[in-house]
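Engineer: Take the sequence shown: its letter number 250 is residue 282 in this note's numbering, and every next letter is one higher.
The beta carbon of each residue, even a glycine, is placed where N, CA and C say it ideally should be.
It should be emphasised that the depicted structure is a prediction, and the values quoted were computed from it without experimental measurement.
Handing you this structure, nothing more for now.
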Amino acid sequence: MIRTFQHYDLRDRNTFRMKVYCRTFIEYDSEDDLQELVPALLPSPVEHIGGSSNSIGQRGDYRGLSPENDIGGGSDSIGNMAPLKHIGGGSNPIRNTARLKHIGGGSNLLFTGDFPGTVLHSAIRHIEVISDSDDEVLVRVGAGVEFDKLCEWAAGRSLWGPENLSHIPGEAGAAAVQNIGAYGVEAKDIIKEVRAFDLVSRRFLTFSVEECNYGYRDSFFKSPEGKDRYIITGIVFAFRRNGSPILEYGNLRETLLSRCPCPTPSDVRETIISIRRTKLPEVGEVGSAGSFFKNPVVSREVFGNVVRISGRDEASVPHYPVPGPGGEPWVKIPAAWLIDQCGWKGAVRGGAGVWPSQPLVIINASGEASPEEILALEECIRMSVSDRFGIVLSPEVEHIQ
Ligand code: EPU
């Protein structure tokens, strides 16, 4: 089934819980529905603007927004939609992504204002075992499944794999785009393949985990070639019957083993949930998008500057070794620490704020924060970290204009 709404309030569709509107919101239940939608979303022939870089993402002059360009009627039809522009000259032919946005659970995005186009959402929600050998269990999961429901499902069957990713808000499709990660595990570690609809060829394709080209909160689906061209409809995850807990992150091992010497996937899940509850705001109670910034990866030289500026010794500045360009030994510094050093913990600016126990999380402090207030706080934090440490933080949260 396809459900279509006009002038739709996205407050319940973004975990920041911001009241912003999109022109059209469409939710679909199956791959067949998606295929049925595409001709209306990408009418043929599409408007073609060759190499016009400054026409990307400009909102004001978009003809599709004027009523005379509407191609359909009532609120439950799929016709009342702005046509998409198709801009050539790049390796990704679906360029005018500002008009069409596919969202998951809205957990990693910031609408920077009302969205003058169509927001799509998948309600494909099956969890289906497709192969069950002695050890490996392959599970096909619809993109619209809440990722934590999948973690709960696996733990309830004593399957190893997603337990360290418990309690992360968002849906499976978005998890596969973002390569979500926590407590030493990333989505890529348990993904076997990803099924996606290609808006250009209008066919379903299967990507192996290698083809997804996963990195730290990164994937092919976020690259210039892949961004907004593919709509993920399902993921095959590989879980294990005879796995063992991954406890290397922070004090997870001590915390867990003090409670249960032979932990099951459920024990790990419960411990992770209790740790996350002490650090992160509860989704549904306080609006946020989780970590707002990525942890910067810097050269030893830049790290040396950070140590010097902080007036500490190296051992007391948190950092983790990671391979840099050409395999050089670089370091990852927790952005939370940099922000904390700049005194942001618990700060409130207008309706926006910084979560007191994890300053990497920007919150909708008043419950009524506007996109401008969140963006202003983001900028202040970025400037202060840059002024003090010379490191420019990059957002992990996708900004949708
Ligand atoms: N820290 C401070 N002050 C604080 C809190 C933390 O200085 O108030 C420093 C501490 O040194 C601490 C370090 O920051 O050891 C790291 O903190 P934490 O373990 O909470 O992890 P993180 O690096 O801030 C990352 C992910 C989280 C994930 C946790 C746990 C990113 C951007 N964030 O946070 O992911 O849950 O590790 O694995 O990589 C998310 O992506 O939305 C997210 C919540």
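1) With respect to 7 Å, is the separation between the Cβ of Tyr-215 and the closest non-hydrogen atom of the ligand EPU below this value?
2) Taking 8 Å as the cut-off, does the stretch 160-172 touch the stretch 339-353 (at least 3 CB pairs, one atom from each stretch)?
3) In three-state terms, what does DSSP make of Ser-323?
4) For Gly-96, which three-state DSSP category applies?
5) So Leu-370 and Ile-423 are in contact, right, with Cβ under 8 Å, and what is the actual spacing, rounded?
6) Please return the same chain residues whose Cβ sits closer than 7 Å to the Cβ of Pro-66, not counting the five positions on each side in sequence.
7) At the level of alpha carbons, what is the spacing between Met-113 and Phe-37?
8) Kindly examine the ligand EPU and report whether one of its heavy atoms sits closer than 7 Å to the Cβ of Trp-192.
9) Once you ignore the five residues that flank Thr-47 on each side, which residues in its own chain have a CB closer than 6 Å to its CB?
10) Since Glu-405 and Arg-381 are thought to touch, with beta carbons under 8 Å apart, how far apart are those beta carbons, to the nearest angstrom?
11) Please state the DSSP three-state secondary structure of Lys-133.
12) Out of Ile-135, Glu-400, Cys-374, Ser-298, state which residue places its alpha-carbon closest to the alpha-carbon of Leu-392.
13) Taking C-alpha atoms, which residue in Ile-135, Arg-49, Phe-239, Ile-223 lies nearest to Ala-384?
14) Compare the C-beta of Arg-344 against all C-beta atoms of chain C and say whether one is closer than 8 Å.
15) At the level of alpha carbons, what is the spacing between Pro-388 and Ala-207?
16) According to DSSP, which residues form a beta bridge with Gln-38?
17) Classify Ser-85 as buried or exposed, calling it buried when 16 or more other Cβ atoms lie within 10 Å of its own Cβ.
18) Beta carbon of Phe-271, beta carbon of Ser-426: below 8 Å?
19) Let's test the definition: count the other Cβ atoms within 10 Å of the Cβ of His-431 and tell me whether it reaches 16, buried, or not, exposed.
Structural biologist: In brief:
1) The count along the sequence shown starts at 1 and reaches residue 215 at position 183. Because some heavy atom of the ligand EPU lies under 7 Å away, the Cβ of Tyr-215 counts as near it: yes.
2) no
3) Against the sequence shown, residue 323 aligns to sequence position 291. If DSSP states are grouped into helix, strand and coil, Ser-323 belongs with the strands.
4) Locating residue 96 in the sequence shown gives position 64, where the first residue counts as 1. Interpretation of Gly-96 is limited by its pLDDT of 30, a score under 50 that renders its predicted location unreliable; the figure taken from the coordinates is listed afterwards. DSSP places Gly-96 in helix when its eight states are reduced to three.
5) Here the question's residue 370 lines up with position 338 in the sequence shown. Here the question's residue 423 lines up with position 391 in the sequence shown. Right, the Cβ-Cβ distance comes to about 7 Å (below 8 Å), so this counts as a contact.
6) By one-based count along the sequence shown, residue 66 stands at place 34. Here the sequence assigns Leu to residue 66, which means Pro is not the residue at that position. Cβ within range, chain order: Tyr-60, Phe-229, Ile-263, Thr-265.
7) The residue labelled residue 113 in the question sits at position 81 within the sequence shown. The residue labelled residue 37 in the question sits at position 5 within the sequence shown. Residue confidence for Met-113 is low, a pLDDT of 35 falling below 50, so the modelled location carries little weight and cannot support an answer.
8) Counting from 1 along the sequence shown, the entry for residue 192 is found at position 160. Answer for Trp-192: no, Cβ out of range of the ligand EPU.
9) As a first step, residue 47 is located in the sequence shown; it is residue number 15 there, counting from the start. Counting only Cβ-Cβ distances below 6 Å, and skipping sequence neighbours, we find Gly-138, Ser-139, Pro-201, Val-315, Ala-321.
10) Taking the sequence shown and counting its residues from 1, one reaches residue 405 at position 373. Taking the sequence shown and counting its residues from 1, one reaches residue 381 at position 349. With a Cβ gap of about 7 Å, Glu-405 and Arg-381 count as contacting.
11) Stepping through the sequence shown from its first residue, residue 133 is reached at position 101. Strand, per DSSP.
12) Stepping through the sequence shown from its first residue, residue 392 is reached at position 360. The shortest C-alpha separation from Leu-392 is found at Cys-374.
13) Numbered from its first residue, the sequence shown carries residue 384 at position 352. Considering only alpha carbons, the answer is Arg-49.
14) No chain C is part of this structure, which consists of one protein chain only.
15) Walking along the sequence shown from the start, residue 388 turns up at place 356. Walking along the sequence shown from the start, residue 207 turns up at place 175. In a straight line, the C-alpha of Pro-388 is about 26 Å away from that of Ala-207.
16) As a position in the sequence shown, residue 38 is number 6, starting the count at 1. BP columns for Gln-38 point to Thr-56.
17) Here residue 85 refers to the residue found at position 53 of the sequence shown. The pLDDT assigned to Ser-85 is 28, lower than 50, so where the model puts this residue is not dependable, and the model offers no usable value.
18) Start at 1 with the first residue of the sequence shown, and residue 271 comes out as number 239. Start at 1 with the first residue of the sequence shown, and residue 426 comes out as number 394. No. Outside cutoff.
19) For the purposes of this step, residue 431 is identified with residue 399 of the sequence shown, where counting begins at 1. With fewer than 16 Cβ atoms within 10 Å of its Cβ, His-431 is classed as exposed.
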